[in-house]
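Here the structure comes first, spelled out in structure tokens, and everything after it is commentary.
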Amino acid sequence: MTQSLWLNNNVLNDLRDFNHVVSQLLEHPENLAWIDLSFNDLTCIDPILTTFFNLSVLYLHGNSIQHLGEVNKLAVLPRLRSLTLHGNPIEEEKGYRQYVLCTLPRITTFDFSGVTKADRTTAEVWKRMNIKPKKVQVKHNVS
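Structure (structure tokens):
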């Protein structure tokens with residue numbers, strides 16, 4: 001049975017008691033597959049969301065998420081297929097869509113739009129052009 005939790009439009013600015021709330025509302029919180037946290041005041045992607053391994057749909061649009069790197073936290077969710085982030089400040093960052101698609105290659109819907117093969121190709125090209133290898137610095141001991 002798919003379980004959903006809709007907490008949109010609640011002016012939430014953190015998920016401090018999220019686990020407690022979920023365990024009070026749901027008999028089997030480990031089966032939580034859909035979380036809607038859209039239109040709140042969240043500024044980051046709380047790591048607590050990564051504990052719901054059956055999560056397949058996550059709505060975070062219309063919040064105040066500032067840093068694109070926050071998306072990296074979601075890479076540990078094996079079943080995540082649908083994600084929304086539009087309406088956050090990160091949407092204005094260059095390469096927003098490509099970054100998300102490279103970071104989360106299993107998602108099939110992003111910002112309510114299907115992810116196409118062309119999207120994936122564009123994201124891979126963007127990744128190759130924008131992710132630079134780290135320079136290795138060699139120290140020489142002079143005797």
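Position 52, counted from 1, in the sequence shown is what UniProt numbering calls 52; the numbers after and before it change by one each time, with no gaps.
Beta carbons are placed, not taken as given, at the ideal position from N, Cα and C, and that holds for glycine.
Applying the 10 Å Cβ sphere with the 16-neighbour rule, what's the burial state of residue i?
i	result
HIS61	buried
GLN24	exposed
VAL125	exposed
SER56	buried
PHE110	buried
THR2	exposed
ASN88	buried
ALA118	exposed
ASN63	buried
Between the Cα of residue i and the Cα atoms of the options, which residue gives the shortest distance?
i	options	result
HIS86	ALA75, HIS67, VAL11	HIS67
VAL11	SER4, THR43, GLU27	THR43
LEU101	PRO89, GLU91, ILE90, VAL115	VAL115
GLU30	ARG128, ASN9, ASN54	ASN54
THR108	TRP34, GLY69, ASN9, ARG81	ARG81
residue 145	LEU58, ARG120, ARG97, GLY69	As displayed, the chain neither begins before 1 nor continues past 143, which places residue 145 out of reach and without an answer.
PHE112	GLN98, LEU83, PRO105, ARG106	LEU83
VAL71	GLU27, MET129, THR103	THR103
For residue i, name the three-state secondary structure that DSSP assigns.
i	result
SER64	coil
ASP119	helix
SER23	helix
THR109	strand
THR43	coil
ASN72	helix
LEU101	helix
Under the DSSP definition of a beta bridge, which residues are partnered with residue i?
i	result
THR51	Paired residues: none, contrary to the question.
THR84	TYR59
TRP34	SER4, VAL57
GLY114	THR109
TODO: Answer yes if the stretch 70-79 comes into contact with the stretch 34-54, meaning at least three C-beta pairs across the two stretches below 8 Å, and no otherwise.
DONE: yes
- [ ] Please determine if the stretch 91-101 and the stretch 31-46 are in contact, where contact requires at least 3 C-beta pairs separated by less than 8 Å.
- [x] In short, these stretches do not touch, since the Cβ pair count stays below three.
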